[in-house]
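In this note's numbering, the protein residues as written are 317 to 811.
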């Protein structure tokens, strides 16, 4: 039966509870979670430290290998000096063997002015030795020498050549068995590995402790602040530290953002309460306006000339009040419904919008410059609302321009031109009028709520709602130009 896994978090909490440590020390002593940032940091620290030690270990092994060979060369050279000191360089086999054993080599030869002389030589060599010239060894070859020694067999020997140090000559050659070098090199690598592990552990632990103190602990504090804020935004958060580094800046910016969100939430709560009150007032106001419109219809049957004269003004005022109440309720919705896309011809939709916007041939007329059978894909009702808002605003701006009144003389007062084309994957609809233009002080804030450019008749919500409807289609509504020659809006919808 397999034992059940141990819950380290529960074990840690019970241990800390028994020790009765302060809360701050509990967080400092908490073990890293397997998928936490501290665990990953610890693993990366250990891996990088071991990688650096591995990079150092190779050159150290090459240096040890070369030093060992140089020691054998120097010992053999000293033995050769003793040989040449004997009469006629005569050395018997026993003496040669003793000298070779002292030098740790199997044979010694020296080259002087191109003449090679064999000074000491063992009776038999099991195999041809590998040649290493220490006078011009490249760095890569030096790194490979220890590998070949460790991978070589027991009967491997090495022929080493170097410049003589204690005597004259071109070079000195020695033949040494590789097995003693292999044993010492293996012991050196094992000791170096143990020292590297010790250094890696100490350096990695110190580095991890420093990073944990400087980075991980502040990040945990920031994380706890975010989690507590998400659980209860209105609860006061911890005070940011006075650090001047990036983490201190993060803490201060986070505290500032949390304060701004709290203020926004309080303002939103007040706006929600205000919106509910406005919705109730609007509902009652619309009922009263409906009653007033019914009464005005009854007054239309009156024969009193004063009543007939005042009735159109009363109807216009009631109509504007009803439209304002309707626009406020439309804008006060939490969100517009998602558009239901349908493909339809633009010309009939433009004609219906012009009729609802009050455009007529004898007043402000509609001029269509649409390609034949031009169709687009959009929500029919939402596109109708956008076109009606733009055309009504244009008509009201033209009618409010008192400079045009003497020029009418029974003809059209002005025109609204509607153009459409397909450009770079977009359906582009332009609505241009020849009105007086929008004042510069309003053109930059035209799409903000309750900003109206058509006098007291507008609610200032039509363009705001129209841009939101265009955005819900994935498009945009923007002001292209405005001035004394007229105003042009551009509606872009994706094909």
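Using N, Cα and C, we set each Cβ at its ideal position, and we do this for glycine too.
Cβ-Cβ separation, residue j to residue i (assumed contact under 8 Å), whole Å
| i | j | result |
| --- | --- | --- |
| residue 355 | residue 519 | Residue 355 to residue 519, Cβ: 18 Å. No contact. |
| residue 474 | residue 446 | 5 Å |
| residue 728 | residue 794 | Rounded, the Cβ-Cβ distance is 27 Å, inconsistent with contact. |
| residue 789 | residue 809 | 5 Å |
| residue 673 | residue 711 | 6 Å |
| residue 730 | residue 751 | 6 Å |
| residue 743 | residue 811 | 6 Å |
| residue 814 | residue 500 | Any property of residue 814 remains undetermined from this structure, which presents the chain solely from 317 to 811. |
| residue 581 | residue 549 | 6 Å |
| residue 465 | residue 505 | Not really, about 11 Å apart at Cβ, beyond 8 Å. |
| residue 567 | residue 538 | 6 Å |
Terminal residues of the alpha helix (DSSP H) in which residue i lies
| i | result |
| --- | --- |
| residue 678 | Per DSSP, residue 678 belongs to no alpha helix (DSSP H) and is neither H nor E. |
| residue 504 | 494 to 527 |
| residue 747 | First-last for residue 747: 742 to 749, but that is the beta strand (DSSP E), not the alpha helix (DSSP H). |
| residue 759 | 756 to 759 |
Assigned exposure category for residue i - 16 Cβ within 10 Å defines buried
| i | result |
| --- | --- |
| residue 739 | exposed |
| residue 345 | Any reading at residue 345 must be qualified, since the residue scores a pLDDT of 47, below 50, and its modelled position is unreliable; the value itself is stated next. That one is exposed. |
| residue 656 | exposed |
| residue 707 | buried |
| residue 561 | exposed |
| residue 745 | buried |
| residue 791 | buried |
| residue 476 | buried |
| residue 359 | exposed |
| residue 317 | Low confidence applies here, because residue 317 scores a pLDDT of 43, under 50, leaving its location unreliable and the question unanswered by this model. |
| residue 692 | buried |
| residue 316 | Since the displayed the chain opens at 317 and closes at 811, residue 316 lies outside it and no answer follows. |
| residue 577 | exposed |
| residue 529 | exposed |
| residue 339 | Any answer about residue 339 is weak, because its pLDDT of 49 lies below 50 and its placement is not dependable; what the coordinates show is given next. Result: exposed. |
| residue 688 | exposed |
| residue 677 | exposed |
Residue i Cβ short of 7 Å to the ligand PLP heavy atom set
| i | result |
| --- | --- |
| residue 532 | With respect to the ligand PLP, the structure shown offers nothing to examine, as it has no ligands at all. |
Host beta strand (DSSP E) of residue i (start-end)
| i | result |
| --- | --- |
| residue 550 | Per DSSP, residue 550 belongs to no beta strand (DSSP E) and is neither H nor E. |
| residue 787 | That residue, residue 787, is in no beta strand (DSSP E); its alpha helix (DSSP H) goes 778 to 788. |
| residue 810 | 802 to 810 |
| residue 658 | 658 to 661 |
| residue 715 | First-last for residue 715: 696 to 715, but that is the alpha helix (DSSP H), not the beta strand (DSSP E). |
| residue 689 | Where residue 689 is concerned, there is no enclosing beta strand (DSSP E), given that its DSSP letter is neither H nor E. |
| residue 532 | First-last for residue 532: undefined, no H or E at that position. |
| residue 730 | 730 to 739 |
| residue 792 | 792 to 799 |
Discussion item. Extract the residue ranges of the alpha helix (DSSP H) inside the segment 437 to 476, only unbroken runs of 4 or more that lie entirely within it.
Written reply: 455 to 467
Worksheet entry | Given 8 Å, three or more beta-carbon pairs between the segment 659 to 669 and the segment 790 to 808 | no
Worksheet item: Would you call the segment 545 to 555 and the segment 515 to 531 in contact, with 3 or more CB pairs under 8 Å?
Response: no
Worksheet item: If you pair each beta-carbon of the segment 757 to 764 with each one of the segment 779 to 799, do three or more pairs fall below 8 Å?
Response: yes
Worksheet item: Is there contact here, the segment 454 to 470 with the segment 379 to 391, by at least three beta-carbon pairs under 8 Å?
Response: yes
Fill in: Stretch pair the segment 606 to 616 + the segment 580 to 593: three plus CB contacts closer than 8 Å
no
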